[in-house]
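Reading through the structure tokens given below for one structure.
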Amino acid sequence: MTAANPVTLPLSDYLGRRVRFVVDHKVATITLDRPLKKNPLTFESYAELGDIFRAAAKDKSVKAIVVTGAGGNFSSGGDVFEIIGPLVEMPTTGLLEFTRTTGEVVKAMRACPQPIVAAIDGVCAGAGAIIAMASDLRIGTAAAKVAFLFNRVGLAGCDMGACAILPRIVGHGRAAELLYTGRVLGGEEAERWGFFNRLATPDTLLTSAQALARELANGPTFATAMTKRMLETEWAMSVETAIEAEAVAQALCMETEDFARAYRAFAAKQKPAFEGN
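Counting with my numbering, you get residues 3 to 279 for the letters of the sequence shown.
Right, here's the structure in full:
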């Protein structure tokens, strides 16, 4: 279950079969690209996504990432015929290999230092909803339909980190409702619940997500990466331990040139031009 052509740097040279990838002005846009089938995921696209996020973590030219879907939908989740069908016939060892492979995508996204912005329209279901969940920020549309529908196919909602991550976004009770029932969460409700950071119209969705990513890419990216890391690692810490960890993290950020740039700009009544170092 590995990609036929593993991603190698630079990422701008990458051409996937199921995933499109473009880098423009420090922002990488990843597009799930099977629009006729609402961008379902396959064994190959899972491996491609894992490769991309792991490579992005090492690519200093990429400062922020946008992930979206082609053709008015985000992703319908695992392809029924290319994934679900084969899984029914697979032995336990193969099933565990598969579930670990899908989990590696989320691990790669969370370990990736760049902030990830998901642009979500239309169907966002199953593993597609997980990819949206695993992103750092989510911009949706009123027409978006988010569904963690694993129970509808006889599976548990604890897939790819959902039981760990989703309650931290929408709260335990709401996460339990979504994971127990598999019901659709509409775009406006998703914004009220905090799953979407904001809403955009379908025609402005991608540009809004890319504009937010550019804003982050032009900021103090070392500090942003540190914030992402601490948001991740402090989940399992006591408040006292977290305060100490943040003291160390902030002291490291105070050693960066971006911190000095911000001071000099403030003193000169100018806007700082961050460079990420």
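Ideal Cβ placement from N, Cα and C applies to all residues, glycine included.
Remember, predicted model here, so these are calculated numbers, not experimental data.
Look at residue i and residue j and say whether their C-beta atoms are less than 8 Å apart.
i: valine 148; j: valine 119; result: no
i: isoleucine 122; j: phenylalanine 76; result: yes
i: phenylalanine 261; j: asparagine 220; result: no
i: alanine 72; j: aspartate 26; result: no
i: glutamate 193; j: arginine 200; result: yes
i: threonine 235; j: alanine 247; result: yes
i: cysteine 165; j: leucine 181; result: yes
i: leucine 98; j: leucine 89; result: no
i: methionine 239; j: alanine 251; result: no
i: leucine 43; j: alanine 129; result: yes
i: lysine 230; j: aspartate 138; result: yes
i: glycine 189; j: asparagine 153; result: no
Can you find the residues in the same chain that come closer than 6 Å, C-beta to C-beta, to residue i, ignoring five residues on each side of it along the sequence?
i: alanine 127; result: Ser78, Gly79, Ala149, Leu151
i: alanine 177; result: Leu168, Pro169
i: arginine 216; result: Val29
i: leucine 134; result: It is worth fixing the name first, because residue 134 is alanine in this sequence and not leucine. Taken in chain order, the residues that qualify are Ala120, Ile122, Cys126, Arg140.
What do you get for residue i, buried or exposed, if any count of 16 or more other CB atoms within 10 angstroms of its CB means buried?
i: threonine 226; result: buried
i: methionine 111; result: buried
i: proline 222; result: buried
i: isoleucine 245; result: exposed
i: glutamine 272; result: exposed
i: leucine 218; result: buried
i: lysine 40; result: buried
i: phenylalanine 83; result: exposed
i: valine 125; result: buried
i: proline 93; result: exposed
i: alanine 146; result: buried
i: glutamate 106; result: buried
i: threonine 104; result: buried
i: phenylalanine 45; result: buried
i: tyrosine 265; result: exposed
i: glycine 175; result: exposed
i: alanine 249; result: exposed
With H, G and I counted as helix, E and B as strand and the rest as coil, what does DSSP make of residue i?
i: threonine 304; result: No answer is possible for residue 304: it lies beyond the span of the chain, which begins at 3 and ends at 279.
i: alanine 120; result: strand
i: lysine 273; result: coil
i: cysteine 114; result: coil
i: alanine 72; result: coil
i: aspartate 260; result: helix
Can you find the residues in the same chain that come closer than 7 Å, C-beta to C-beta, to residue i, ignoring five residues on each side of it along the sequence?
i: alanine 288; result: Because the chain in this structure spans residues 3 to 279, residue 288 falls outside the shown range and cannot be described.
i: alanine 58; result: Leu13, Ala30, Val64, Ile67, Cys114, Gln116
i: valine 108; result: Ile132, Ala136, Met162, Gly163
i: asparagine 279; result: Phe224, Thr258, Glu259, Asp260
i: leucine 208; result: Thr70, Ala121
i: phenylalanine 197; result: Arg140, Val148, Ile171, Val172, Leu187
i: alanine 270; result: none
i: arginine 102; result: none
i: leucine 157; result: none
i: glutamine 212; result: Val29, Thr31, Val68
For residue i, which residues in the same chain have their Cβ closer than 8 Å to its Cβ, ignoring the five residues on either side in sequence?
i: leucine 38; result: Gly73
i: isoleucine 32; result: Val21, Arg22, Phe23, Leu51, Ile54, Ile67, Val68, Val69, Thr70
i: isoleucine 86; result: Gly80, Val155
i: alanine 267; result: Lys273, Pro274, Ala275
i: tryptophan 237; result: Ala166, Arg170
Which ranges would you report for the alpha helix (DSSP H) in the region 157-233 if only whole runs of at least 4 residues count?
164-172, 174-183, 189-195, 207-219
Enumerated in chain order, which unbroken segments of the beta strand (DSSP E) with a length of 3 residues or greater are wholly contained in the region 13-70?
21-26, 29-34
Which whole runs of the alpha helix (DSSP H) in the region 74-98 are 4 residues long or more, in chain order?
87-90
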